[in-house]
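In what follows, a structure is listed as structure tokens, so that the remarks can point back to it.
Numbering (our numbering), first residue to last: 68 to 239.
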């Protein structure tokens, strides 16, 4: 369970607090929670604000994130040692503002993965936090993008360069 209810309730709060906002929510029509999410979307009156994306190759999702998304959203799962999925990696690699629930202390993360946490992830713990994060991003999207560019640099340093070094060490 990705706890889409937090996202949907937070999105609804954002629309209610700013009815003139021109925002839409793109969701992947995949996974065990699609039916429940669609029901909740209808109950909250969000049908006109949600666009369902069919299953598609990763490169298309990456393109959509890079060219259309102001915020990427992961999972709001509370559990020990859970790391983000492919959407999170895409957002980090491109410096896109990103929401996720993290349950890590910095030293625990480093001991598991061998690199520090990214510099900025919107660590979500409630629907109100989703709403405030959306408001923060949309109040000044240029500054928000600048703030999250550190994630792109982090990705290059700890994922790209480290992977290249590991492969070079393996073959040289």
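Idealized CB from N, CA, C, for every residue including glycine. Owing to the predicted nature of the structure, the values given are computational and were not obtained by experimental measurement.
Open item on the list: Quick test of your reading: residue 120 and residue 94, contact by CB under 8 Å. State the CB separation rounded to the nearest angstrom.
Closed with: 7 Å
TODO: Only counting runs of 3 or more residues, tell me where the beta strand (DSSP E) segments fall wholly within the region 88–149, in order along the chain.
DONE: 92–95, 117–120
Task: Alpha-carbon spacing of residue 233 relative to residue 112, whole angstroms - done: 50 Å
- [ ] Give me whichever residues DSSP pairs with residue 165 in a beta bridge.
- [x] 139
- [ ] Give the DSSP bridge partners of residue 190, in chain order.
- [x] 167
- [ ] Assign residue 157 to buried or exposed, taking buried as 16 or more other Cβ atoms, counted over all protein chains shown, within 10 Å of its Cβ.
- [x] buried
TODO: Work out the CA separation of residue 196 and residue 75 for me, nearest whole Å.
DONE: 12 Å
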